[in-house]
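Asks:
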Amino acid sequence: AQSVTQLGSHVSVSEGALVLLRCNYSSSVPPYLFWYVQYPNQGLQLLLKYTSAATLVKGINGFEAEFKKSETSFHLTKPSAHMSDAAEYFCAVAGAGGTSYGKLTFGQGTILTVHP
Amino acid sequence: EAGVAQSPRYKIIEKRQSVAFWCNPISGHATLYWYQQILGQGPKLLIQFQNNGVVDDSQLPKDRFSAERLKGVDSTLKIQPAKLEDSAVYLCASSLDSDGSGGAAGANVLTFGAGSRLTVL
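Protein sequence lines correspond, in order, to chains A and B.
Using the working numbering, read the first sequence as starting at 4 and increasing by one per residue.
Using the working numbering, read the second sequence as starting at -17 and increasing by one per residue.
#1: Tell me which residues share the same chain as P(-10)(B) and place their Cβ nearer than 7 Å to its Cβ, disregarding the 5 neighbours each side in the sequence.
#2: By how many angstroms is the C-alpha of Q45(A) removed from the C-alpha of W16(B)?
#3: For F94(B), decide whether its Cβ has a neighbour in chain A, counting only Cβ atoms nearer than 8 Å.
#4: Could you run through the stretch 60 to 93 of chain A and flag, in chain order, every residue whose CB is less than 8 Å away from some CB of chain B?
#5: Would you be able to state if there are at least three C-beta pairs under 8 Å between the stretch 42 to 50 of chain B and the stretch 59 to 71 of chain B?
#6: Consult DSSP for K72(A) and reduce its assignment to one of helix, strand or coil.
#7: Apply the 10 Å Cβ neighbour rule to P119(A) and answer buried if 16 or more other Cβ atoms are within range, or exposed otherwise.
#8: Give the single residue among Y53(A), P82(A) and H78(A) whose Cα lies nearest to the Cα of L65(A).
#9: Contact criterion: CB-CB distance below 8 Å. Does V36(B) meet it with respect to chain A?
#10: Among the candidates H78(A), S87(A) and P34(A), whose CA atom is the shortest distance from the CA of F93(A)?
#11: How many Å lie between T108(A) and Q18(B) at the Cα?
#12: Could you check whether the Cβ of G112(A) sits closer than 8 Å to any Cβ belonging to chain B?
#13: Pick helix, strand or coil for I8(B), following the three-state DSSP scheme.
#14: Just the C-alpha distance for G10(B) and V102(B), rounded to the nearest angstrom, thanks.
#15: Hey, how far is the Cα of Y(-8)(B) from the Cα of P43(A)?
#16: Report all residues from its chain with a CB closer than 6 Å to the CB of S17(A); omit the five preceding and five following residues, and keep chain order.
#17: Identify whether E67(B) lies in helix, strand or coil by the three-state DSSP scheme.
#18: Check the C-beta distance from I8(B) over to A(-16)(B) and give it rounded, since I have them as a contact under 8 Å.
#19: Determine the DSSP secondary structure at N44(A), reduced to helix, strand or coil.
#20: Taking only three categories from DSSP, how would you classify I20(B)?
#21: Does any residue of chain B have a CB that is nearer than 8 Å to the CB of G46(A)?
#22: Would you please verify whether the beta carbon of L107(A) is less than 8 Å from any beta carbon of chain B?
#23: Listed from N- to C-terminal order along the chain, which residues in the stretch 23 to 34 of chain A have their beta-carbon within a distance smaller than 9 Å of any beta-carbon of chain B?
#24: Counting C-beta neighbours from all protein chains within 10 Å, is the total for A90(A) 16 or more, i.e. buried, or is it exposed?
#25: Quick test of your reading: A20(A) and A84(A), contact by CB under 8 Å. State the CB separation rounded to the nearest angstrom.
Structural data, given as structure tokens:
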């Protein structure tokens, strides 16, 4: 079984400050890991994905995430927050093969607020 | 390429009424997913199709929910009769393949539609 836990349902940062959104996963098979962003009244947009190549993954809009197997974590970071980053962020896990392939299991989401 | 199309975007119904949502995936995508996103929660998989066959419907409340994907292209999700707790956003997503045979690592990226927001009164 796979699961994802996002630590903190709300994160608030000042514009220009570091963004850190935490995600821990549980998976019985080698995982694929994803971060998606959801703006109000829109669908989910892929930010980045980990597929067992490089452990440090760079995504769109300056975001990156590091896969740490020993910590079962896949935290999302951005060095300098922008007002346009305000949105809800979801971490998700999928199996890399077998019957769990392709089936995303999502965390509960973290709402990011950016203050001027 | 065109994205995943969903309609209607918004629907308000009374409990015990029925509702249907439609999804047209990205052209050529074999796999189609329906997710339910309740306010304050992450999306939860309801059903997964590969072409016109069901791969996984273990989380679909089959006493009231049904879904079909005729001809392996677009799909319809129906709720009958609706309950208050069905109020949610219904997200459709599609992906190129579903069994890892696509070759490239991580080929199975899901592309989501904008969703259909259902309010049951």
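Note that CB positions come from ideal geometry on N, CA and C, so glycine has one too.
Replies: Looking at the coordinates:
#1: Result list for P(-10)(B): S98, in chain order.
#2: Approximately 15 Å, taken between the alpha carbons.
#3: True, the Cβ-Cβ gap to chain A drops below 8 Å.
#4: Of all residues in the stretch 60 to 93 of chain A, the ones placed with a Cβ closer than 8 Å to any Cβ belonging to chain B are F93, in chain order.
#5: The stretch 59 to 71 of chain B, when compared against the stretch 42 to 50 of chain B, does touch it at the 8 Å Cβ threshold.
#6: Taken through DSSP and simplified to helix, strand or coil, K72(A) comes out as helix.
#7: Around the beta carbon of P119(A), fewer than 16 other beta carbons lie within 10 angstroms, which makes this residue exposed.
#8: A small correction: the amino acid at residue 65(A) is Gly; Leu does not occupy that position in the sequence shown. Minimum Cα distance to G65(A) is reached at P82(A).
#9: By this cut-off, V36(B) is not an interface position.
#10: Proximity to F93(A) across H78(A), S87(A) and P34(A) peaks at H78(A), based on C-alpha coordinates.
#11: In this structure, the CA atom of T108(A) is about 12 Å from the CA atom of Q18(B).
#12: Under the Cβ distance rule, G112(A) counts among the residues neighbouring chain B, one pair being separated by less than 8 Å.
#13: Residue state, collapsed to three classes: coil.
#14: Rounded to whole angstroms, G10(B) to V102(B) spans 34 Å at the Cα level.
#15: Approximately 14 Å, taken between the alpha carbons.
#16: Excluding residues up to 5 positions away in sequence, H118 lie with their Cβ nearer than 6 Å to the Cβ of S17(A) in the same chain.
#17: In the structure shown, E67(B) falls within a helical segment according to DSSP collapsed to helix, strand and coil.
#18: Indeed, because the Cβ distance is near 7 Å, the residues count as touching under 8 Å.
#19: Three-state result, N44(A): coil.
#20: For I20(B), the secondary structure class from DSSP, reduced to helix, strand or coil, is coil.
#21: Cβ-Cβ to chain B under 8 Å: yes for G46(A).
#22: Using a CB distance cut-off of 8 Å, L107(A) counts as an interface residue toward chain B.
#23: Only those residues of the stretch 23 to 34 of chain A whose C-beta falls short of 9 Å from the nearest C-beta of chain B would be listed, and there are none.
#24: Result: buried.
#25: Rounded, the Cβ-Cβ distance is 5 Å, consistent with contact.
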